[in-house]
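Colleague: Below is one structure. I have some questions about it.
Protein chains: 2
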Amino acid sequence: MLTKQQDAYGRMVWDHLHGQRTSEIVEREGGFFDASGGAPNYFAEFKHWPKHQQAAMKYVRGRVLDVGCGAGRCCLYLQKRGQTVVGIDASPLAVRTSRKRGVKDARLLPFTRIHRGLGRFDTILMMGNNFGLFGSPRRARWLLQRLHSLTSTGARIVAETNSIYETKNPEHLRYHRYNRRRGRMSGQLRIRIRYQRYCTPWFDYLMVSPDEMQDILEGTGWRVQRFLKSSGPMYVAVIEKDSKAAN
Amino acid sequence: MLTKQQDAYGRMVWDHLHGQRTSEIVEREGGFFDASGGAPNYFAEFKHWPKHQQAAMKYVRGRVLDVGCGAGRCCLYLQKRGQTVVGIDASPLAVRTSRKRGVKDARLLPFTRIHRGLGRFDTILMMGNNFGLFGSPRRARWLLQRLHSLTSTGARIVAETNSIYETKNPEHLRYHRYNRRRGRMSGQLRIRIRYQRYCTPWFDYLMVSPDEMQDILEGTGWRVQRFLKSSGPMYVAVIEKDSKAAN
Numbered sequence: 001m002l003t004k005q006q007d008a009y010g011r012m013v014w015d016h017l018h019g020q021r022t023s024e025i026v027e028r029e030g031g032f033f034d035a036s037g038g039a040p041n042y043f044a045e046f047k048h049w050p051k052h053q054q055a056a057m058k059y060v061r062g063r064v065l066d067v068g069c070g071a072g073r074c075c076l077y078l079q080k081r082g083q084t085v086v087g088i089d090a091s092p093l094a095v096r097t098s099r100k101r102g103v104k105d106a107r108l109l110p111f112t113r114i115h116r117g118l119g120r121f122d123t124i125l126m127m128g129n130n131f132g133l134f135g136s137p138r139r140a141r142w143l144l145q146r147l148h149s150l151t152s153t154g155a156r157i158v159a160e161t162n163s164i165y166e167t168k169n170p171e172h173l174r175y176h177r178y179n180r181r182r183g184r185m186s187g188q189l190r191i192r193i194r195y196q197r198y199c200t201p202w203f204d205y206l207m208v209s210p211d212e213m214q215d216i217l218e219g220t221g222w223r224v225q226r227f228l229k230s231s232g233p234m235y236v237a238v239i240e241k242d243s244k245a246a247n
Numbered sequence: 001m002l003t004k005q006q007d008a009y010g011r012m013v014w015d016h017l018h019g020q021r022t023s024e025i026v027e028r029e030g031g032f033f034d035a036s037g038g039a040p041n042y043f044a045e046f047k048h049w050p051k052h053q054q055a056a057m058k059y060v061r062g063r064v065l066d067v068g069c070g071a072g073r074c075c076l077y078l079q080k081r082g083q084t085v086v087g088i089d090a091s092p093l094a095v096r097t098s099r100k101r102g103v104k105d106a107r108l109l110p111f112t113r114i115h116r117g118l119g120r121f122d123t124i125l126m127m128g129n130n131f132g133l134f135g136s137p138r139r140a141r142w143l144l145q146r147l148h149s150l151t152s153t154g155a156r157i158v159a160e161t162n163s164i165y166e167t168k169n170p171e172h173l174r175y176h177r178y179n180r181r182r183g184r185m186s187g188q189l190r191i192r193i194r195y196q197r198y199c200t201p202w203f204d205y206l207m208v209s210p211d212e213m214q215d216i217l218e219g220t221g222w223r224v225q226r227f228l229k230s231s232g233p234m235y236v237a238v239i240e241k242d243s244k245a246a247n
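Protein chains in written order, with the working numbering: chain F, 1 to 247; chain H, 1 to 247.
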């Protein structure tokens, strides 16, 4: 579990909730630094979400597991719509932030620790680039099988990722090549999150093109039903349980 | 002189000039990270400047030296107003950015290398928190004496800084104490600028309260004529040459 000092993301959303100016720094291995859109994105109300995320909500039905619920924006939206939603996050202060904002069921739980005790879900939601929480193709396949057994017949995964090959940044393209050379997927980013002096441990965050996503799903009992594109590289995949596959 | 890899600030403004999304990361010793307001501030037109910076321009007269001219926003404004202004910056790409944006006289020159060859100035301008470029109280006093000999009778220094004791951030207050314990001024920040994989060398950046500024000026031949306050901790000092002091 993250220590207080490691809970950089959580501290950032917690401080934002309490009116402080914050910024989320993403450090990629090799000394590449960037600031994310930060807290305002994590707190945004539905009307301010990007269009493809709004469109994605049409595919979210039944009982929902929100993976990496963050500051709770998706949970709050779905609750308002009358759906039952369980939010999980590996960050203690993100979970506290979600609860304080009104999320009814936010739990401190890393994605890799999901279990039958959570109940059966009709939709697994992974907005805000959270397909990345699959981490690696290997872990993705393992988790997809776990999700298969924790979901109802006809369940869906609604997940957002970044079609990484659309970048023209030579630094990113060089990093993709570096990853491939050492047997990782191009978009298997090794990063850590920094906020002030808080810093998460290094972790893998997986970004995939539509083709790569389909490759990963192969043989897992899940398949892409449709892609929802944005004006940029971000897109949402609506993934359905393959009825022919063994459950 | 900064190498290409060290010119993080310059690369950032250069990339912004060419339409790329950028963010400026400030790393303080001890692993404290923050994102600055970034390129939009460095490119802002006069009408979008904070009010106290706009007010400061009333005190900028005659031939001007813009210290740390960055992307050239002050030079461009003063040129438009019909003044002669020399912009200096230690960043090669900042100077190129200034020139490309229309600054007539932007020179690659660290503040510590100013010399008589630049001519005589009526105003020394240090906007955008650039009082910080004095670095330390010792270097400030040395540079103030140099500025005394490079300026006309009745010359002014118009400089912006941050009244650091107004913060409530315990992390900053702890850093102030740490600095005092080792004989530095509270706001003598040791920082480096990061942008993507670009990273400047570590440098000292000095932020002072109004009282501390007056202490530093003592015996240098300069004295505060007035302070222009903002709604936050930032303020501008209008500093005048003391006519009684030897020139």
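Glycine is no exception: its CB is placed at the ideal position from the N, C-alpha and C atoms.
Remember, predicted model here, so these are calculated numbers, not experimental data.
Using a Cβ-Cβ distance cut-off of 9 Å, determine whether H:I216 contacts chain F.
Modeller: As a position in the second sequence, residue 216 of chain H is number 216, starting the count at 1. It does not; no Cβ of chain F falls within 9 Å.
Colleague: Does chain F have any CB closer than 9 Å to the CB of H:Q196?
Modeller: Mapped onto the second sequence, residue 196 of chain H falls at position 196. Chain F contact via Cβ: present.
Colleague: State the start and end residues of the unbroken beta strand (DSSP E) segment that holds H:A35.
Modeller: Taking the second sequence and counting its residues from 1, the one referred to as residue 35 of chain H is at position 35. In the DSSP assignment, H:A35 falls within the beta strand (DSSP E) that extends over F32 to A35.
Colleague: Spell out whether any CB of chain F is found under 9 Å from the CB atom of H:I25.
Modeller: If you number the second sequence from 1, residue 25 of chain H lands on position 25. H:I25 counts as touching chain F.
Colleague: Go through the stretch 40 to 75 of chain H residue by residue and report every complete run of the alpha helix (DSSP H) that reaches 4 residues or more, in order.
Modeller: 51 to 56
Colleague: Could you tell me which chain F residues have their CB closer than 9 Å to the CB of H:E166, listed as they occur along the chain?
Modeller: Mapped onto the second sequence, residue 166 of chain H falls at position 166. By Cβ distance, chain F contributes nothing, its closest Cβ being about 14 Å from H:E166, past 9 Å.
Colleague: Since H:T123 sits in a beta bridge, which residues does DSSP pair it with?
Modeller: Residue 123 of chain H sits at position 123 when you count from the first residue of the second sequence. DSSP output for H:T123 lists H:V64 and H:R156 as bridge partner(s).
Colleague: What in chain H is Cβ-close to F:C199, meaning under 9 Å?
Modeller: Here residue 199 of chain F refers to the residue found at position 199 when the first sequence is read from its first residue. Near F:C199 (Cβ distances below 9 Å), the residues of chain H are G31 and F33.
Colleague: Can you name the residues of chain F whose CB is closer than 9 Å to the CB of H:E240?
Modeller: By one-based count along the second sequence, residue 240 of chain H stands at place 240. Here the premise fails: no neighbours, minimum Cβ distance about 34 Å.
Colleague: Pull up the distance between the alpha-carbon of H:A110 and that of F:I164, whole angstroms please.
Modeller: Working through the second sequence from its first residue, we reach residue 110 of chain H at position 110. Working through the first sequence from its first residue, we reach residue 164 of chain F at position 164. Per the sequence shown, residue 110 of chain H should be read as Pro rather than Ala. Looking at the two C-alpha atoms, the distance is approximately 39 Å.
Colleague: Grouping DSSP H, G and I as helix and E and B as strand, with all else coil, what is F:N247?
Modeller: Working through the first sequence from its first residue, we reach residue 247 of chain F at position 247. The pLDDT assigned to F:N247 is 44, lower than 50, so where the model puts this residue is not dependable; a value taken from the coordinates is nonetheless given after this. F:N247: coil per DSSP, three-state reduction.
Colleague: If I measure Cβ to Cβ from H:E29 and keep anything under 8 Å in the same chain, skipping five residues before and after, which residues do I get?
Modeller: In the second sequence, residue 29 of chain H corresponds to position 29, counting from 1. Around H:E29: R190, I191 and W202.
Colleague: For F:E171, which residues in chain H fall below 7 Å Cβ to Cβ?
Modeller: In the first sequence, the residue the question calls residue 171 of chain F occupies position 171. Under a criterion of Cβ atoms nearer than 7 Å, the residues of chain H adjacent to F:E171 are, in order, Q196 and R197.
Colleague: Please state if the CB of H:L125 and the CB of H:V158 are separated by a distance shorter than 9 Å.
Modeller: Working through the second sequence from its first residue, we reach residue 158 of chain H at position 158. Working through the second sequence from its first residue, we reach residue 125 of chain H at position 125. Against a cut-off of 9 Å, the Cβ pair of H:L125 and H:V158 comes out as a contact.
Colleague: Taking just the CA atoms, how far does H:G37 sit from F:Q20?
Modeller: Taking the first residue of the first sequence as position 1, residue 20 of chain F is located at position 20. Taking the first residue of the second sequence as position 1, residue 37 of chain H is located at position 37. F:Q20 and H:G37: Cα-Cα distance of roughly 15 Å.
Colleague: Does the beta carbon of F:G62 sit closer than 9 Å to a beta carbon anywhere in chain H?
Modeller: The count along the first sequence starts at 1 and reaches residue 62 of chain F at position 62. It does not; no Cβ of chain H falls within 9 Å.
Colleague: Please state whether the Cβ-Cβ distance between H:R11 and H:Y198 is less than 9 Å.
Modeller: By one-based count along the second sequence, residue 11 of chain H stands at place 11. By one-based count along the second sequence, residue 198 of chain H stands at place 198. Going by C-beta atoms, H:R11 is nearer than 9 Å to H:Y198.
Colleague: Compare the C-beta of F:S243 with all C-beta atoms of chain C and state if any pair is closer than 9 Å.
Modeller: Of the protein chains in this structure, namely F and H, none is chain C.
Colleague: For F:V208 and F:F131, which I take to be in contact (beta-carbon distance under 8 Å), what is that distance rounded to the nearest angstrom?
Modeller: Here residue 208 of chain F corresponds to residue number 208 of the first sequence, with the count starting at 1. Here residue 131 of chain F corresponds to residue number 131 of the first sequence, with the count starting at 1. About 7 Å separates the two Cβ atoms, so the contact holds.
Colleague: Quick check on the DSSP output: the alpha helix (DSSP H) that includes H:W142 runs from which residue to which?
Modeller: Here residue 142 of chain H refers to the residue found at position 142 when the second sequence is read from its first residue. Segment P137 to S149, the alpha helix (DSSP H) holding H:W142.
Colleague: CB-CB under 8 Å to H:F33, same chain, minus the five flanking residues each way: which ones, in chain order?
Modeller: As a working note, residue 33 of chain H is residue 33 in the second sequence. Same-chain partners within the cutoff: I25, V26 and E27.
Colleague: Using a Cβ-Cβ distance cut-off of 9 Å, determine whether F:G38 contacts chain H.
Modeller: As a position in the first sequence, residue 38 of chain F is number 38, starting the count at 1. Cβ-Cβ to chain H under 9 Å: yes for F:G38.
Colleague: Please classify F:Q196 as buried or exposed, where buried requires at least 16 other C-beta atoms within 10 Å of its C-beta.
Modeller: Position 196 of the first sequence, counted from the first residue, corresponds to residue 196 of chain F. Classification of F:Q196: buried, given that the 10 Å Cβ count is 16 or more.
Colleague: Apply the 10 Å Cβ neighbour rule to H:H18 and answer buried if 16 or more other Cβ atoms are within range, or exposed otherwise.
Modeller: Taking the second sequence and counting its residues from 1, one reaches residue 18 of chain H at position 18. By the 10 Å Cβ count, H:H18 comes out exposed.
Colleague: Sorted by chain position, which residues of the same chain lie with C-beta nearer than 7 Å to H:R182's C-beta, five sequence neighbours on each side aside?
Modeller: Sequence index remark: in the second sequence, residue 182 of chain H carries index 182 (1-based). Cβ within range, chain order: n/a, list empty.
Colleague: According to DSSP, simplified to helix, strand and coil, what is H:L2?
Modeller: For the purposes of this step, residue 2 of chain H is taken as the residue at position 2 of the second sequence. If DSSP states are grouped into helix, strand and coil, H:L2 belongs with coil.
Colleague: Can you tell me whether DSSP reads F:M234 as helix, strand or coil?
Modeller: In the first sequence, residue 234 of chain F corresponds to position 234, counting from 1. DSSP places F:M234 in strand when its eight states are reduced to three.
Colleague: Classify H:G117 as buried or exposed, calling it buried when 16 or more other Cβ atoms lie within 10 Å of its own Cβ.
Modeller: As a position in the second sequence, residue 117 of chain H is number 117, starting the count at 1. Answer is exposed; the Cβ neighbour count stays below 16.
Colleague: To the nearest angstrom, report how far apart H:N247 and H:R138 are at their CA atoms.
Modeller: The residue you call residue 247 of chain H lines up with position 247 of the second sequence. The residue you call residue 138 of chain H lines up with position 138 of the second sequence. Bear in mind that a pLDDT of 44 at H:N247, under 50, signals an unreliable position, so the number given afterwards is only what the model happens to contain. C-alpha separation (whole angstroms): 20 Å.
Colleague: Using the Cβ count rule (16 or more neighbours within 10 Å means buried), how would you classify F:Y235?
Modeller: What you label residue 235 of chain F is simply residue 235 of the first sequence in a count that begins at 1. With 16 or more Cβ atoms within 10 Å of its Cβ, F:Y235 is classed as buried.
Colleague: In the DSSP assignment, the alpha helix (DSSP H) including F:V13 goes from what residue to what residue?
Modeller: Within the first sequence, the letter at position 13 stands for residue 13 of chain F. Run containing F:V13: A8 to L17, per the alpha helix (DSSP H) assignment.
Colleague: Between which two residues does the alpha helix (DSSP H) containing H:D215 stretch?
Modeller: Translated into positions along the second sequence, residue 215 of chain H becomes position 215. Unbroken alpha helix (DSSP H) run through H:D215: P210 to L217.
Colleague: So the beta strand (DSSP E) F:R226 belongs to, where does it begin and stop?
Modeller: In the first sequence, counting from the first residue as 1, residue 226 of chain F sits at position 226. First-last of the beta strand (DSSP E) with F:R226: W222 to K229.
Colleague: Decide if F:A237 is buried, meaning its Cβ has at least 16 other Cβ atoms within 10 Å, or exposed.
Modeller: Locating residue 237 of chain F in the first sequence gives position 237, where the first residue counts as 1. Result: buried.
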